[in-house]
Every structure is written in C-alpha cells, then in structure tokens.
Amino acid sequence: MHRRTVVKAAAATGLAALFGAVATTRAGAATQISERVFDLSIASAALGRSAPVRLILPTDFDAQPTRTWPVLYLLHGAHDDYNSWTRETDIEAFTEGLGLIVAMPDGGPTGIPTKWRDGTDYETFQLAEVHAVLRSDYRASTVRAVAGVSTGGYGAIAHAARHPGAFAAAASYSGILDTTLFGVPPLVDAIVARENVAAWSLWGNPVFQYATWRDYNPRVRASALSGTPLYVSNGSGLAGGTGDLLPEALESALWPSAHSFTSALNLLRIPVTTHYYSGGGHSWAYWQPEFRASWPILASALGL
C-alpha cells in the first residue's frame, strides 16, 4: 500500500473517520504506513515538542467498533528510533489476527525513557501521554505489557518497577538493569555522549547525584515487581562469541547488570524467567528470537 497522510478532510467512515478525529484532538495527523501500521505525532507537554509513535492496529479494528484492545508497548534502544521494531523484526506479521494494539513510542536518541535533568520527561510521555491518546482515540483497554531492547529493555523494566501495576508483564532483552553497578554509569554516560549531549545531563553526576541514579535503578526497585510476570535475557558476548567484537563487547558489558537485577529478584523470591546464553551480540539477530521466546508470558498477561 502506498504511503499517505490522513487528515481532517478524510471520509467520515471507518479508519478514515477515526484518524480525522485524531487530527483535531490529541495526536495531530496520522500517516498510514501499511494496512495496519500508522505513525502518529503527539503534542507532548512532557517533552516540550511533538513526538512520534508508531502503531500497529488489530486486524479487525474497524470491524469491531465497540471493542477495546490490550496494548503491547515495544521500546527501542539507543541511537535508534520508534520505527525500529517494524524495520528490524516481523512484528507486523507476527501480530496479525492477535487482537491487540502494538505501540512503539519515541524514546529519544538514547532510547532511555526517563526524566532528564533539563526536565525533558520521556517516562511521562510514554506512560501518561501516549496512553491517554490510545485510550481516548484508539479504544485501548487498561491492560498493558511492555518489552524493550537495550536501553529500551531498561525502560521496560524501569517503567514496571517505578509504576507498580501499570503493566501486566515486562520483558527486557539485553537491557541495562542495574544502573549503579560498578562500570555501568560510564557506559550510560558513553551512550549519552555518543549523541553529542553534555556529560551528566541524564541523571547528573553518578557520585554527587547518586540518589537520582538509585531512584531510576530497576534493581533498587525490584521489590515493586512482585506479582508482575518478567522475562530477562542477555548473552555473554565475548565469552563464547564468534568474533563480532563491538556488539559482543557491549553484550558482555551488560551481562553483570542483568545478573545483578535477577539476583535481587531471587533474593526477594520474585519469579522471573531468564535466558542467559553463551556468546551473542547486542543486535536484532538475537533480540527477535528473544521476543518470540518471551511471547507466551506477554500474551498470557495481555489475555491473548
């Protein structure tokens, strides 16, 4: 299907009517990418700008105009964008006929969906503003699950831990799950620096603003995840790798963080499904199979 922009003048029937309404309410214009995929631009007070969200709507969305739908949030990683899941995986085909909305919101250039020191707040954007649009304009239910890769994996677990009960399940694939563990703050700062953003502009200096780093640390908030089905995966990277040095080195750097987080869960007797595998790189070649492995957990939580 050719790409088109749906505007207020669209015919007042079916999906066209829906997107005409959106154009005059919260989300601005919606651009249709394929039969079920749409890009929204949401005016965000939390970000001080409009920000994009990609949606995959249910196959029979138009045929069931009174039905509400559970939502799966998929979060992107650093140096990527909101369309990465549809670009790198088969998520559109995979969700064909499953009866859910898939929402892929912008997480900024670092993919760390949190509140920055300058007040830019991706956490509020994703959890409150996007959710409000989906509820008011797309018949989203209150049932949500969240999954993410890399810094989006951090976001998935951090969102669930910082907002207990907001998500019915959460999954992280190669996520940063202990932000204050030795060696992790320099890694986070390197991610920020790669985007030419000033040092310590995320949560501040990891020593002098240690309390802020703790506040946004999933491991510290692990007790809040009691009762939330969880999936965590990470490769050992260079240990057992195949020689793809950069992605394997990054995967290795995150290995201790993932183990620190799941060890904290184990001490608290909070169940978590883990897949720690030998080798592997920090790339979609590993994350798509991990998503599929976690799908039964996410699907059950979504009521599918």
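FYI, the numbering for the sequence shown is 4 to 307, going by the numbering used here. Beta carbons are placed, not taken as given, at the ideal position from N, Cα and C, and that holds for glycine. Please read all numbers here as calculations on a predicted model, not as lab measurements.
Within 8 Å, strictly: CB atoms of residue i and residue j
{"i": "T92", "j": "Q291", "result": "yes"}
{"i": "A162", "j": "L130", "result": "Correcting the residue identity first, residue 162 is His in this sequence and not Ala. Closer than 8 Å, so yes."}
{"i": "W216", "j": "P188", "result": "yes"}
{"i": "A164", "j": "G151", "result": "no"}
{"i": "L50", "j": "F170", "result": "no"}
{"i": "D192", "j": "F264", "result": "no"}
{"i": "N2", "j": "T183", "result": "Lying outside 4 to 307, the shown extent of the chain, residue 2 is not represented and no answer is given."}
{"i": "A304", "j": "A48", "result": "no"}
{"i": "V235", "j": "V275", "result": "yes"}
{"i": "G284", "j": "E251", "result": "yes"}
{"i": "P73", "j": "S144", "result": "yes"}
{"i": "L228", "j": "L257", "result": "no"}
{"i": "T117", "j": "V40", "result": "no"}
Inter-residue Cα distance where the pair is residue i and residue j
{"i": "H82", "j": "E198", "result": "8 Å"}
{"i": "L190", "j": "A296", "result": "27 Å"}
{"i": "P108", "j": "F294", "result": "17 Å"}
{"i": "G238", "j": "T71", "result": "37 Å"}
{"i": "A218", "j": "A96", "result": "In the sequence under discussion, the amino acid at residue 218 is Asp, which differs from the Ala named in the question. Rounded to whole angstroms, D218 to A96 spans 38 Å at the Cα level."}
{"i": "E254", "j": "P68", "result": "44 Å"}
{"i": "S87", "j": "D42", "result": "13 Å"}
{"i": "V146", "j": "P232", "result": "13 Å"}
{"i": "L38", "j": "D63", "result": "Correcting the residue type first, residue 38 is Glu in the shown sequence and not Leu. Computed Cα separation, rounded: 11 Å."}
{"i": "R52", "j": "S44", "result": "10 Å"}
{"i": "A225", "j": "H262", "result": "13 Å"}
{"i": "A172", "j": "Y213", "result": "28 Å"}
{"i": "S281", "j": "L241", "result": "9 Å"}
{"i": "A327", "j": "S286", "result": "Past the boundaries of the shown model lies residue 327; the chain is included only from 4 to 307, so the question cannot be answered."}
{"i": "L270", "j": "G186", "result": "23 Å"}
{"i": "G230", "j": "G306", "result": "16 Å"}
{"i": "A196", "j": "W203", "result": "9 Å"}
{"i": "S153", "j": "L249", "result": "14 Å"}
{"i": "A32", "j": "A46", "result": "11 Å"}
{"i": "R111", "j": "I36", "result": "One point to set straight first is that residue 111 is Gly, not Arg, in the sequence displayed. Using only the alpha carbons, I get a separation of about 21 Å."}
{"i": "R272", "j": "R57", "result": "36 Å"}
{"i": "P167", "j": "F211", "result": "28 Å"}
{"i": "A201", "j": "I194", "result": "11 Å"}
{"i": "L103", "j": "Y157", "result": "23 Å"}
{"i": "L77", "j": "S266", "result": "25 Å"}
{"i": "V133", "j": "D65", "result": "21 Å"}
{"i": "T28", "j": "Y279", "result": "With a pLDDT of only 39 at T28, under the threshold of 50, the placement of this residue in the model should not be trusted; the figure read from the coordinates follows. If you take the alpha carbons of T28 and Y279, they lie about 45 Å apart."}
Cβ-Cβ separation, residue j to residue i (assumed contact under 8 Å), whole Å
{"i": "I59", "j": "T98", "result": "6 Å"}
{"i": "L75", "j": "L301", "result": "6 Å"}
{"i": "P61", "j": "Y85", "result": "Actually they do not touch by this definition, with Cβ atoms about 19 Å apart."}
{"i": "W119", "j": "L205", "result": "6 Å"}
{"i": "V105", "j": "I94", "result": "6 Å"}
Counterpart residues of residue i in DSSP-defined beta bridges
{"i": "N170", "result": "According to the sequence as given, residue 170 is Phe; it is not Asn. Answer is none; F170 lacks a bridge partner."}
{"i": "Y234", "result": "A174 and T276"}
{"i": "Q129", "result": "The partner list for Q129 (beta bridge, DSSP) is empty, contrary to what the question assumes."}
{"i": "P108", "result": "V56"}
{"i": "Y76", "result": "A106 and V149"}
{"i": "A339", "result": "The question about residue 339 has no answer, for the chain in this structure spans 4 to 307."}
{"i": "S47", "result": "R52"}
{"i": "D124", "result": "K118"}
Could you tell me whether the stretch 113 to 125 touches the stretch 139 to 147, using the rule of 3 or more Cβ pairs below 8 Å? No, the stretch 113 to 125 is not in contact with the stretch 139 to 147.
With three or more beta-carbon pairs closer than 8 Å as the criterion, would you say the stretch 279 to 291 touches the stretch 175 to 195? As far as the Cβ criterion goes, the stretch 279 to 291 touches the stretch 175 to 195, which means the pair count is three or higher.
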